Structure formats: structure tokens, C-alpha cells
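Number 353 in our numbering belongs to position 265 of the sequence shown; there are no gaps in the numbering. Every residue, glycine too, gets a C-beta built ideally from N, C-alpha and C. Remember, predicted model here, so these are calculated numbers, not experimental data. A quick write-up on the structure given underneath.
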Amino acid sequence: MSSNKSTPGQRFRDAVASEHPLQVVGAINANHALLAKRAGFKAIYLSGGGVAAGSLGVPDLGITGLDDVLTDVRRITDVCDLPLLVDVDTGFGSSAFNVARTVKSMIKFGAAAIHIEDQVGAKRCGHRPNKEIVSLQEMVDRIKAAVDARTDDSFVIMARTDALAVEGLESALDRAAACIEAGADMIFPEAITELEMYKLFASRVKAPILANITEFGATPLYTTEQLAGADVSLVLYPLSAFRAMNKAAENVYTAIRRDGTQQNVIDTMQTRMELYDRIDYHAFEQKLDALFAAKK
Numbered sequence: 089m090s091s092n093k094s095t096p097g098q099r100f101r102d103a104v105a106s107e108h109p110l111q112v113v114g115a116i117n118a119n120h121a122l123l124a125k126r127a128g129f130k131a132i133y134l135s136g137g138g139v140a141a142g143s144l145g146v147p148d149l150g151i152t153g154l155d156d157v158l159t160d161v162r163r164i165t166d167v168c169d170l171p172l173l174v175d176v177d178t179g180f181g182s183s184a185f186n187v188a189r190t191v192k193s194m195i196k197f198g199a200a201a202i203h204i205e206d207q208v209g210a211k212r213c214g215h216r217p218n219k220e221i222v223s224l225q226e227m228v229d230r231i232k233a234a235v236d237a238r239t240d241d242s243f244v245i246m247a248r249t250d251a252l253a254v255e256g257l258e259s260a261l262d263r264a265a266a267c268i269e270a271g272a273d274m275i276f277p278e279a280i281t282e283l284e285m286y287k288l289f290a291s292r293v294k295a296p297i298l299a300n301i302t303e304f305g306a307t308p309l310y311t312t313e314q315l316a317g318a319d320v321s322l323v324l325y326p327l328s329a330f331r332a333m334n335k336a337a338e339n340v341y342t343a344i345r346r347d348g349t350q351q352n353v354i355d356t357m358q359t360r361m362e363l364y365d366r367i368d369y370h371a372f373e374q375k376l377d378a379l380f381a382a383k384k
């Protein structure tokens with residue numbers, strides 16, 4: 089852990105200001121947070137769909153609760169000081185008090201930022217059909233409740249709108265502007281289909297725009313260079329490593345079952361020493377030895 093005394097929210101804002109656009113990579117657990125930091129990322133992300141599928145083994149359909157997400161947030165922030173953006177779906181409850189509780193809890197557990205969306209409570213993945221959204225007024229109320237609940241002014245409240253797929257571009261732009269007016273710091277327009285759309289959001293709201301570059305979704309896999317040209321401030325890769333990890337695990341399970349040995353897939357594995365290196369195993373061991381030596 090670094091001795092940086094600034095808040096997680098301030099570190100997130102600083103990262104957005106210093107890297108154009110800021111690459112925010114999904115970390116499905118604490119181990120991946122450390123790997124992301126090692127790879128040089130300045131901010132990380134915890135996906136709601138990732139918590140649902142990875143930690144609970146269920147679809148991203150509003151099944152996950154606040155405590156499920158908080159468990160993973162705490163595990164990540166306990167070992168990694170990179171600012172963490174967290175997906176809080178619709179705020180985990182139908183009232184302003186639920187949203188407030190979510191915001192206060194996220195700050196307490198060390199998150200740097202959240203994004204909250206305008207879908208109805210029984211939400212769907214942002215890149216799936218048949219999404220439903222709440223009224224503009226209800227979304228504005230969610231943002232106001234989140235902003236009002238902040239116990240730390242630097243904590244980032246990002247508004248996500250799923251309106252493009254449901255009501256079209258003009259509606260999505262209106263919602264983004266209304267959310268900024270209500271106190272949101274940044275905007276996450278979901279399931280964008282054309283590069284130029286990001287530019288429209290940026291010019292309309294005059295606030296940082298996040299591009300969700302998730303695989304196998306509605307948005308093409310634009311490069312950071314293309315997105316910088318479209319005035320995007322943050323680029324999100326929510327589940328890239330998670331998808332690769334799952335595929336690798338399936339391949340290993342299949343091979344062991346089929347071949348009666350793991351010999352044929354050993355070259356796809358992280359070695360024991362690589363794991364020890366990534367989690368700083370030997371430093372812990374030395375600390376233990378020093379403690380025992382002091383006792384003698």
C-alpha cells in the first residue's frame with residue numbers, strides 16, 4: 089500500500105486528469121486488482137455483472153445485493169490502493185434512503201467512485217434487449233440522493249444512462265445533462281453504437297464521459313486513440329480479464345477430465361513462483377520470521 093494520504097475519490101479524479109483517456113480495467117477480485125496495478129493501470133473497476141457471475145454464479149438481473157458487492161469492494165481495497173470505480177446498478181433499493189446507504193457504504197469500504205443507472209429495479213445487462221428505464225425525474229432523484237449522501241466531496245458520482253437503446257439519442261443526451269445539473273460528476277452513456285455519439289455527450293454536458301468498451305456487446309472495440317478523438321475521458325474494459333480467466337479455467341477442467349493429467353495444459357498456468365511474486369508472498373514470510381525471531 090502506498091502512503092498516499094489523499095482520498096480514493098481524489099486519486100480517481102487525479103487519474104482522469106492525468107491520462108487521456110484514462111483506461112479503467114475490470115478486476116474481478118483482489119488478486120486481479122494487484123495484477124492490474126502491476127500492468128500499469130491507474131484505476132480499476134468492479135463490475136456488477138462480474139460480481140453476479142463471478143462471486144455468486146448468477147446472471148446480471150438485479151439478483152445481487154449491496155452486501156455482495158461490498159464484500160468484493162472491501163477485499164480489493166484492503167490490498168490495492170488503485171482508485172476503484174464500482175457498479176452499483178440502480179442503487180440497491182427503491183428509495184432515496186437505499187441510494188444514500190449505498191453511497192455511504194461505498195465510501196466507508198474504500199471505493200473511489202460509483203456509477204448508478206436509470207434502469208428499473210429489475211435491471212438487465214446494458215447490452216441486452218428489452219431494457220426498461222425509469223422516468224427522467226426518478227433518475228434525477230437518484231443522483232440527488234447520491235450526491236446528498238456523500239460524506240466525502242471528492243467521492244465520484246457517475247450517472248449511467250441506458251436511454252439510447254430504449255428512447256434514442258436525444259433522450260439519452262437530455263438525461264445526461266439533467267444528471268450533471270443534479271450534481272453528477274461524470275457521465276456513462278451505455279451501449280453506444282457510433283464513435284461520434286461520445287462527442288455529442290461531451291459537448292452537451294461539459295463533464296468527463298466514460299466509454300464502455302466491453303467485448304461481444306453493442307459498442308465496437310474502439311481504440312484509446314479513436315476515443316480520445318471523440319472527447320472520451322475514461323475507457324472501461326469491465327470484464328476482459330474475467331472472460332479470459334473463465335475460458336482458461338474451462339480448458340483446464342476439460343483437459344484434466346479428458347486426459348487424466350494436467351500435463352497438457354501446464355504451459356497455460358501461472359507458476360507457483362509467479363503467484364508468490366504477484367501477491368508478495370515472501371515479504372509476508374519474512375515478516376513472520378522476524379516476528380518469531382523477536383519472540384525468542
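Is it buried or exposed, Ala33, if we count other Cβ atoms within 10 angstroms and call 16 or more buried? The displayed coordinates of the chain run from 89 to 384. Any statement about residue 33 would go beyond what the structure contains.
Since Val323 contacts Pro171 with CB under 8 Å, what's their CB separation in whole angstroms? Within the sequence shown, numbered from 1, the residue matching residue 323 stands at position 235. Within the sequence shown, numbered from 1, the residue matching residue 171 stands at position 83. Wrong, their Cβ atoms sit about 15 Å apart, outside the cutoff.
Quick one, which of His215, His120, Arg101, Arg189 has its alpha-carbon nearest Gln358's? The residue you call residue 358 lines up with position 270 of the sequence shown. Gln358 has its Cα closest to that of His120, out of His215, His120, Arg101, Arg189.
Measure the alpha-carbon distance for Asp319 versus Thr311 and round it to whole angstroms. Looking up residue 319 in the sequence shown gives position 231. Looking up residue 311 in the sequence shown gives position 223. Asp319 and Thr311: Cα-Cα distance of roughly 13 Å.
Given this structure, state the Cα-to-Cα distance separating Pro96 from Glu255, to the nearest angstrom. Locating residue 96 in the sequence shown gives position 8, where the first residue counts as 1. Locating residue 255 in the sequence shown gives position 167, where the first residue counts as 1. Answer to the nearest angstrom: the Cα atoms are 35 Å apart.
Counting Cβ pairs closer than 8 Å, one from the segment 243-252 and one from the segment 260-275, do we hit at least three? Remark: three or more beta-carbon pairs, one from each stretch, lie closer than 8 Å, so the segment 243-252 and the segment 260-275 are flagged as touching.
Looking only at its chain, what residues have a beta carbon closer than 7 Å to the beta carbon of Lys219, apart from the 5 residues adjacent to it on each side? Your numbering for residue 219 matches position 131 in the sequence shown. Around Lys219: Gln207, Arg212, Asp250, Ala253, Val254.
For the beta strand (DSSP E) containing Glu205, list its first residue and its last residue. Walking along the sequence shown from the start, residue 205 turns up at place 117. Per DSSP, Glu205 belongs to the beta strand (DSSP E) from 201-205.
With which residues is Leu298 paired in a DSSP beta bridge? Taking the sequence shown and counting its residues from 1, one reaches residue 298 at position 210. BP columns for Leu298 point to Leu322.
Helix, strand or coil for Ala243 per DSSP? Residue 243 sits at position 155 when you count from the first residue of the sequence shown. The question names Ala, yet the displayed sequence has Phe at residue 243. If DSSP states are grouped into helix, strand and coil, Phe243 belongs with coil.
Excluding the 5 residues flanking Thr281 on each side, which residues of the same chain have their C-beta closer than 7 Å to its C-beta? Within the sequence shown, residue 281 is the residue found at index 193, counting from 1. Cβ within range, chain order: Ala306, Thr307.
Distance check for Lys125 and Asp365, CA to CA, integer angstroms please. Indexing the sequence shown from 1 puts residue 365 at position 277. Indexing the sequence shown from 1 puts residue 125 at position 37. Approximately 13 Å between the Cα atoms of the pair.
Can Thr178 and Gly150 be called in contact, C-beta distance under 9 Å? Position 90 of the sequence shown, counting from 1, holds the residue named residue 178. Position 62 of the sequence shown, counting from 1, holds the residue named residue 150. It is a contact, given that the beta carbons lie within the stated cut-off.
Beta strand (DSSP E) runs wholly inside the segment 321-362, at least 3 long, in chain order: Within the segment 321-362, the beta strand (DSSP E) runs of at least 3 residues that lie entirely inside it are, in chain order, 322-325.
DSSP bridge partner residues for Asp175 (one or two, in chain order): By one-based count along the sequence shown, residue 175 stands at place 87. Bridge partners of Asp175: His203.
N-terminal and C-terminal residue of the beta strand (DSSP E) that Phe185 is part of: Position 97 of the sequence shown, counted from the start, is the residue given in the question as residue 185. That residue, Phe185, is in no beta strand (DSSP E); its alpha helix (DSSP H) goes 184-196.
Under a three-way DSSP split, which group does Gly142 fall into? Within the sequence shown, residue 142 is the residue found at index 54, counting from 1. Three-state result, Gly142: helix.
Just grab the DSSP bridge partners of Ile275 for me. The count along the sequence shown starts at 1 and reaches residue 275 at position 187. Answer is Ala247, Ile297.
Rounded separation between Gln98 and Ala233 - CA only: Within the sequence shown, residue 98 is the residue found at index 10, counting from 1. Within the sequence shown, residue 233 is the residue found at index 145, counting from 1. Taking the straight line joining both Cα atoms gives about 21 Å.
Bridge partners of Tyr133, per DSSP? Counting from 1 along the sequence shown, the entry for residue 133 is found at position 45. Paired residue(s): Gly114, Leu173.
Measure the alpha-carbon distance for Glu373 versus Ser259 and round it to whole angstroms. The residue you call residue 373 lines up with position 285 of the sequence shown. The residue you call residue 259 lines up with position 171 of the sequence shown. When rounded, the distance between both Cα atoms is 57 Å.
Report the CB separation of Arg263 from Met227 in whole angstroms; it is logged as a contact under 8 Å. Counting from one through the sequence shown, the residue named residue 263 turns up at place 175. Counting from one through the sequence shown, the residue named residue 227 turns up at place 139. Right, the Cβ-Cβ distance comes to about 6 Å (below 8 Å), so this counts as a contact.
Which term fits Gly414, buried or exposed, when burial requires 16 or more other beta carbons within 10 angstroms of its beta carbon? With the chain covering 89 to 384 only, the question about residue 414 has no answer from this structure.
Quick check: what's the CA-CA separation for Ala337 versus Val235? As a first step, residue 337 must be located in the sequence shown, where it is residue number 249. As a first step, residue 235 must be located in the sequence shown, where it is residue number 147. About 41 Å.
Compare the C-alpha of Met194 against each of Pro326, Asp155, Ala184 and name the closest. As a position in the sequence shown, residue 194 is number 106, starting the count at 1. Selected option, being the one with the closest Cα: Asp155.
Return no unless some Cβ of chain C is closer than 9 Å to the Cβ of Asp155. Absent from the structure: chain C. Only one protein chain is present.
Drop a sphere of 10 angstroms on the beta-carbon of Arg101, count the other beta-carbons inside from all chains shown, and report buried for 16 or more, exposed for fewer. Here residue 101 refers to the residue found at position 13 when the sequence shown is read from its first residue. Buried, by the Cβ-count rule.
Is it buried or exposed, Arg345, if we count other Cβ atoms within 10 angstroms and call 16 or more buried? The residue labelled residue 345 in the question sits at position 257 within the sequence shown. Under a 10 Å Cβ-count criterion, Arg345 is classified as exposed, with fewer than 16 other Cβ atoms of the shown protein chains found around its own Cβ.
Verify whether the separation of the beta carbon atoms of Gly158 and Phe185 is less than 9 Å. Residue mapping note: residue 158 aligns to position 70 of the sequence shown, counting from 1. Residue mapping note: residue 185 aligns to position 97 of the sequence shown, counting from 1. First, the amino acid is wrong: residue 158 is Leu here, not Gly. Leu158 places its beta carbon 9 Å or farther from that of Phe185.
Is it buried or exposed for Ala140, if we count other Cβ within 10 angstroms and need 16 for buried? Within the sequence shown, residue 140 is the residue found at index 52, counting from 1. Taking a 10 Å sphere around the C-beta of Ala140, we find 16 or more other C-beta atoms and assign the residue as buried.
Assigned exposure category for His203 - 16 Cβ within 10 Å defines buried: Along the sequence shown, one-based indexing puts residue 203 at 115. His203 comes out buried.
Rounded C-beta distance between Leu122 and Ile301? I'm assuming under 8 Å. Here residue 122 refers to the residue found at position 34 of the sequence shown. Here residue 301 refers to the residue found at position 213 of the sequence shown. At roughly 23 Å, the Cβ-Cβ gap does not stay under 8 Å, so Leu122 and Ile301 are not in contact.
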